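In what follows, a single structure is set out as structure tokens and then discussed.
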């Protein structure tokens with residue numbers, strides 16, 4: 001029961017954090033967040049094939065992808081871009097810190113609770129994946145800004 005509450009909370013509650021943000025800025029970063037969620041969904045599919053981890057408990061509507069992808073990750077990406085996009089190094093340092101917390105702290109908690117278990121990848125591998133995805137998201141947002149900026153002129 002505790003695991004289900006935790007999973008549903010990580011899926012629904014993060015969306016409330018978007019309420020105070022400026023709508024225009026939020027819409028600006030939404031495509032990059034969706035791109036990141038797509039990348040992470042692909043990672044989950046690859047992980048299933050290579051048995052990087054095994055999801056042992058999930059919410060009903062999701063099968064091989066945890067609510068993390070469409071809750072905390074998607075909303076977190078918007079929030080991180082919203083507050084750090086102005087400077088690449090601030091963005092990277094923020095991601096290094098948050099991804100370390102998720103890869104080593106939250107990961108250990110989820111394994112302890114039996115939500116999933118790592119098999120052919122460790123916390124460092126997850127950390128490397130999340131940093132790579134963060135760089136790809138930033139690059140995607142930069143290209144989106146260039147395309148939109150060129151179209152506006």
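Residue numbers (the UniProt record's numbering): 1 to 153. Heads up, the beta-carbon is just placed ideally off N, CA and C, and yes, glycines get one too. Quick caveat, the model's predicted, so the values are computed rather than measured.
#1: Ignore the nearest five residues each way along the sequence and tell me which others in residue 57's own chain have a CB closer than 6 Å to its CB.
#2: Touch check for the stretch 96–104 and the stretch 25–40: three-plus C-beta pairs under 8 Å?
#3: Might you give, ordered along the chain, the residues of its own chain that have their beta carbon closer than 7 Å to the beta carbon of residue 17, omitting 5 neighbours on each side?
#4: Using DSSP bridges, identify the partner residues of residue 55.
#5: Where does residue 141 land, buried or exposed, given buried means 16+ other C-beta within 10 angstroms?
#6: Between residue 73 and residue 40, how many whole angstroms is the CB-CB distance? I'm expecting something under 8 Å.
On the basis of the supplied data:
#1: The sequence position of residue 57 within the chain shown is 57, counting from 1. Here the set comprises 3, 115.
#2: Because the criterion of three Cβ pairs below 8 Å is not met, the stretch 96–104 and the stretch 25–40 do not touch.
#3: Within the chain shown, numbered from 1, the residue matching residue 17 stands at position 17. Around residue 17: 75, 79.
#4: Your numbering for residue 55 matches position 55 in the chain shown. According to DSSP, which records beta bridges pairwise, residue 55 is partnered with 116.
#5: Translated into positions along the chain shown, residue 141 becomes position 141. A residue is called buried when at least 16 other Cβ atoms come within 10 angstroms of its Cβ; residue 141 meets this threshold and is buried.
#6: Locating residue 73 in the chain shown gives position 73, where the first residue counts as 1. Locating residue 40 in the chain shown gives position 40, where the first residue counts as 1. The distance from the Cβ of residue 73 to that of residue 40 is about 6 Å, consistent with a contact at the 8 Å cut-off.
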